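Chemist:
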Amino acid sequence: MSDSKPNIQTALAFLKQVKSEMPTEYDTFLEILTQFRSKNVNAEMVVTVVIEMLIGREYLLQGFSQFLPPACRDCLMQRFFSPSKDENLRTSRSAKHEGDEMSSPEKSDGEKHKGKRRGFDQSSLIGSLPLEQKRRRESVGEMDLRPNAFLNSYAGMGKRMTQQQIYQAQLKKTIAPRKLADMWERLEKRIEKRIEQMEAAGASWIPSIHVDEILKGEVPAQVVEQVKVAGVIKIRGVVAKAKALEMNEGMMADLSHYLKVDPKKPESYETIYNDENPKAFTFGGVQEMYYTRGQFEARQDEKMHKVRVWLNHLWGYREKKSKKLLFLPDVETTYIDRWRHRLPGYDKQTGMKEHIDNGAMCRWADPAWQEVYQEIMEGRLEDYDAWDVGRRTETSGSFFRSFQGWLALSPQGPTDGTLEVIPMVTEAMAYVLLRPFQEDVPVHQFCGVSDTGGGDTIEITSRWHAPLLKAKVPVGPVDAGDTVWWHPDLIHGVEADHAGSQPSNVLYIPASPLCPQNARYLAKQRAAFLRGDAPPGFPNLRIENDPERRMKPSQLSELGKQLLGLEPIPKSVLESSRCSEEEAQEREELFNECCSLLYQS
């Protein structure tokens, strides 16, 4: 086997050829390679997944293994061809489909795989060889995958499962919902109805308003109602188009300065899109830059600020039981995030698979999250309110965003490598939460979460969430200066390909109201900004190493400084909403608590 470095793009090309006949394997293999490259899983986990895929289809071993990183590939060969009672079966099946090279009795197992690798040939593997039905697998390596295996047998459990997998199996047993079959049937019907409604509504399913409707207090009630169903909204004209295009030019100039690339010459990006040094971009073209002038101008824009405050007010911001005030909707802050830059036709800028941000395993394990989703897990979906903050501000995450969002720096729309969503926030989240408890799921598995329990996103795949993917739609065309906002539970992704003619660029700007959790983060973020480091939780790659190009505190507006916690937030912001004297006092107490956390140093 060759020791060439893994090439994710080549793997994508291979998998696209088999996607039509192996959709589950396509999603699974791509997901595990992505997790490996992100260092969320190790080589052993990659091998475990590949072996599971190949049981009953061993003749595809060469086709898949040639795209694995060397560490994974060597481990795969060692485990797949280790002596066992199934050795003759594997060898005969491989001989049938791979030819004399793999079946020759004169070569050892190791020698069979030396020398020139065989490339994937669509005619030999897909065109003439029917894909056999996979044998029902009961184990992979030492891990028992039979449903209820953990619950039925405790002897030798530690040998079959890792400690993390044991923990996950125990957690599933503890929180498993009662009367699952009944609630699952009702949920599936509700999802089908939503999809029918979406198809009938077409593009109007995702509400779209102009920023002036917010500024004048003239947003129709039906728009608010639809936002709460779909979980996403487009707000047009937040930044003047000319200003947004000017920001775009500045961002592109910063990009060229720091990374020595030319957006008009895609080949210039080859130096930063490689397997040894993938530091400049992450998946979806997300750029690890935080402190440019354009980004700060957008964050401190007056209209942008008012839009975020309006979005905060779409939430119920009290704790369910105690009715305690949990965040201040009128007091907005700045969460420093990155930006996305997609080149048209540049296949090394992959998209982002559909996912949910802001927490993976903790959605089931964290007591605060359990309380947020209590009605869903108890089968009372009709009582669940996705817009009741509950204890979201007290979860294991570091920051509460009432909305995720971005500002378009360039005109873009479907096929331009931009945002896709599954616009049914309540039903989709319920499906994701309940899916791990179905009978076809391994006893330890939380669908969309790595077996290591790591990561901060839940991946949505056709293997586990196929009905939801039927509802995936692009957000539609936007112009420079328009914004898109979505609920933090909303499933979203970035189109795999950019077939447009111009770069597709957006700045990530969430709505982030003041609360104790956010105040603690803002204090750390402020310190990182003053040092020139990346914000907490982001890769500190120090790409922005030119202090003359980074935005300085003195260059920020008064509002910009307040949003960052560089200057005290005036109490007058609490007076922007009418309320009772008792509520006013409660708001002031929470405000003082947050300020003490933000300015304690």
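Numbering (the working numbering), first residue to last: -16 to 584. For every residue, glycine included, the Cβ atom is placed at its ideal position computed from N, Cα and C. This structure is a prediction, so every number in the text was calculated from the model and none was measured.
Report the residue ranges of all beta strand (DSSP E) runs contained in full by the region 137 to 216; include only those spanning at least 3 residues, in chain order.
Modeler: Runs found: 191 to 193.
Chemist: Measure the alpha-carbon distance for S393 versus L490 and round it to whole angstroms.
Modeler: As a working mapping, residue 393 is identified with position 410 in the sequence shown. As a working mapping, residue 490 is identified with position 507 in the sequence shown. If I take the Cα positions, the gap works out to 10 Å.
Chemist: Nearest-angstrom Cα distance between S381 and N501?
Modeler: Here residue 381 corresponds to residue number 398 of the sequence shown, with the count starting at 1. Here residue 501 corresponds to residue number 518 of the sequence shown, with the count starting at 1. Looking at the two C-alpha atoms, the distance is approximately 7 Å.
Chemist: Can you tell me whether S48 is buried or exposed, with buried defined as 16 or more other CB within 10 angstroms of its CB?
Modeler: Here residue 48 refers to the residue found at position 65 of the sequence shown. Buried: at least 16 other Cβ atoms inside 10 Å.
Chemist: Excluding five sequence neighbours on each side, which residues of the same chain lie with their C-beta closer than 7 Å to the C-beta of C577?
Modeler: Here residue 577 corresponds to residue number 594 of the sequence shown, with the count starting at 1. Here the set comprises L497, C498, P499 and A502.
Chemist: Comparing alpha-carbon positions, which option in S187, Q278 and G268 lies nearest L539?
Modeler: As a working note, residue 539 is residue 556 in the sequence shown. Considering only alpha carbons, the answer is Q278.
Chemist: Can the beta-carbon of L170 be found less than 8 Å from the beta-carbon of E337?
Modeler: Translated into the one-based positions of the sequence shown, residue 170 becomes position 187. Translated into the one-based positions of the sequence shown, residue 337 becomes position 354. No; because the gap between Cβ atoms is not below 8 Å, this pair is not in contact.
Chemist: How would you call T157, buried or exposed, if buried means at least 16 neighbouring beta carbons within 10 angstroms?
Modeler: Along the sequence shown, one-based indexing puts residue 157 at 174. Per the 10 Å Cβ criterion, exposed.
Chemist: Buried or exposed: L580, going by 16 or more other Cβ atoms within 10 Å of its Cβ?
Modeler: Here residue 580 is taken as the residue at index 597 of the sequence shown, counted from 1. Per the 10 Å Cβ criterion, buried.
Chemist: Whole angstroms is fine: what's the gap from P536's alpha carbon to Y504's?
Modeler: Counted from its first residue, the sequence shown places residue 536 at position 553. Counted from its first residue, the sequence shown places residue 504 at position 521. Going from the Cα of P536 to the Cα of Y504 covers about 18 Å.
Chemist: So with Cβ pairs under 8 Å, would you call T378 a contact of chain B?
Modeler: Protein chains in the displayed structure number just one, and chain B is not present.
Chemist: Which residues in the same chain as C55 place their Cβ atom closer than 6 Å to its Cβ, once the five residues preceding and following it in sequence are excluded?
Modeler: On the sequence shown, position 72 is the one that residue 55 refers to. Around C55: A26, V29 and V30.
Chemist: Ends of the beta strand (DSSP E) at E391?
Modeler: In the sequence shown, residue 391 corresponds to position 408, counting from 1. Strictly speaking, residue 391 in this sequence is Ala, with Glu absent from that position. Its beta strand (DSSP E) spans residues Q387 to A391.
Chemist: From T440, Q421, S385 and V269, pick the residue whose C-alpha is nearest to that of A343; which is it?
Modeler: Translated into positions along the sequence shown, residue 343 becomes position 360. For the residues T440, Q421, S385 and V269, the minimum Cα distance to A343 belongs to T440.
Chemist: Suppose contacts are defined by Cβ-Cβ distances below 8 Å. Is W468 in contact with V372 by that definition?
Modeler: Position 485 of the sequence shown, counted from the start, is the residue given in the question as residue 468. Position 389 of the sequence shown, counted from the start, is the residue given in the question as residue 372. No, these two residues do not count as a Cβ contact at 8 Å.
Chemist: Could you check if N585 is buried or exposed, using at least 16 other CB atoms within 10 Å of its CB as the buried criterion?
Modeler: Beyond the ends of the chain as shown, which are -16 and 584, falls residue 585; an answer cannot be given.
Chemist: Quick check on DSSP: helix, strand or coil for S305?
Modeler: Here residue 305 is taken as the residue at index 322 of the sequence shown, counted from 1. Three-state result, S305: coil.
Chemist: Which residues share a DSSP beta bridge with H338?
Modeler: Along the sequence shown, one-based indexing puts residue 338 at 355. Its beta-bridge partners are E442 and H475.
Chemist: In this structure, how does DSSP classify R323 when only helix, strand and coil are distinguished?
Modeler: The residue you call residue 323 lines up with position 340 of the sequence shown. Strand.
Chemist: So does the region 319 to 328 actually touch the region 346 to 363, counting three or more Cβ pairs closer than 8 Å?
Modeler: No, because fewer than three Cβ pairs between the region 319 to 328 and the region 346 to 363 fall closer than 8 Å, the two stretches do not touch.
Chemist: Please report the Cβ distance between V404 and L473, rounded to the nearest whole angstrom; I am assuming they are in contact, meaning their Cβ atoms lie under 8 Å.
Modeler: Residue 404 sits at position 421 when you count from the first residue of the sequence shown. Residue 473 sits at position 490 when you count from the first residue of the sequence shown. Contact holds; Cβ gap of about 6 Å.
Chemist: Compute the Euclidean distance between the alpha carbons of D237 and Q146, then round it to the nearest angstrom.
Modeler: Position 254 of the sequence shown, counting from 1, holds the residue named residue 237. Position 163 of the sequence shown, counting from 1, holds the residue named residue 146. Approximately 46 Å, taken between the alpha carbons.
Chemist: Per DSSP, P460 forms a beta bridge with which residues?
Modeler: The count along the sequence shown starts at 1 and reaches residue 460 at position 477. DSSP, once it has assigned bridges, lists no residue as partnering P460.
Chemist: Residues in the same chain with beta-carbon distance under 6 Å from T74, minus the five sequence neighbours each way, listed in chain order, please.
Modeler: For the purposes of this step, residue 74 is taken as residue 91 along the sequence shown, with counting starting at 1. For T74, the pLDDT reaches just 40, beneath the cut-off of 50, and the residue's location in the model is therefore unreliable, although a value from the coordinates is still provided. Once the five neighbours on either side are set aside, T74 has no close Cβ partner at all.
Chemist: Look at I526 and E250 and say whether their C-beta atoms are less than 8 Å apart.
Modeler: Taking the first residue of the sequence shown as 1, we reach residue 526 at position 543. Taking the first residue of the sequence shown as 1, we reach residue 250 at position 267. It is not a contact, given that the beta carbons lie outside the stated cut-off.
Chemist: Mark N528 as exposed unless 16 or more other C-beta atoms lie within 10 angstroms of its C-beta, in which case mark it buried.
Modeler: Start at 1 with the first residue of the sequence shown, and residue 528 comes out as number 545. It counts as exposed.
Chemist: With DSSP as the reference, label N488 as helix, strand or coil.
Modeler: By 1-based counting over the sequence shown, the position of residue 488 is 505. In this structure, N488 counts as strand in the three-state DSSP scheme.
Chemist: Assuming contact is defined by CB atoms lying nearer than 8 Å, are V194 and V290 in contact in what I supplied?
Modeler: The count along the sequence shown starts at 1 and reaches residue 194 at position 211. The count along the sequence shown starts at 1 and reaches residue 290 at position 307. Closer than 8 Å, so yes.
Chemist: Any heavy atom of the ligand ATP closer than 7 Å to the beta-carbon of F279?
Modeler: With respect to small molecules bound, the structure shown includes none, and the ligand ATP cannot be examined in it.
Chemist: What is the DSSP secondary structure of K286, counted as helix, strand or coil?
Modeler: Numbered from its first residue, the sequence shown carries residue 286 at position 303. Here K286 sits in helix by DSSP.
Chemist: Kindly list the residues whose CB is nearer than 7 Å to the CB of G520, restricted to its own chain and excluding five residues on each side of it in sequence; keep chain order.
Modeler: For the purposes of this step, residue 520 is taken as the residue at position 537 of the sequence shown. Within the same chain, G520 has close Cβ partners S381.
Chemist: Tell me the start and end of each unbroken beta strand (DSSP E) in the region 486 to 531 that is at least 3 residues and wholly inside, in chain order.
Modeler: DSSP runs (the beta strand (DSSP E)) wholly in the region 486 to 531: 487 to 491.
Chemist: How big is the Cα-Cα spacing for A610 and E572?
Modeler: This structure gives no information on residue 610, because the portion of the chain shown stretches from -16 to 584.
Chemist: Start and end of the beta strand (DSSP E) containing P406?
Modeler: Position 423 of the sequence shown holds residue 406. Taken as a continuous stretch (DSSP letters only), P406 belongs to no beta strand (DSSP E), as it is neither H nor E.
Chemist: Are there 16 or more other CB atoms within 10 angstroms of the CB of P530, so buried, or fewer, so exposed?
Modeler: In the sequence shown, residue 530 corresponds to position 547, counting from 1. It is exposed - the Cβ of P530 has fewer than 16 other Cβ atoms within 10 Å.
Chemist: Using DSSP's beta-bridge definition, name the partner residues of T466.
Modeler: Looking up residue 466 in the sequence shown gives position 483. Its beta-bridge partners are I218 and L390.
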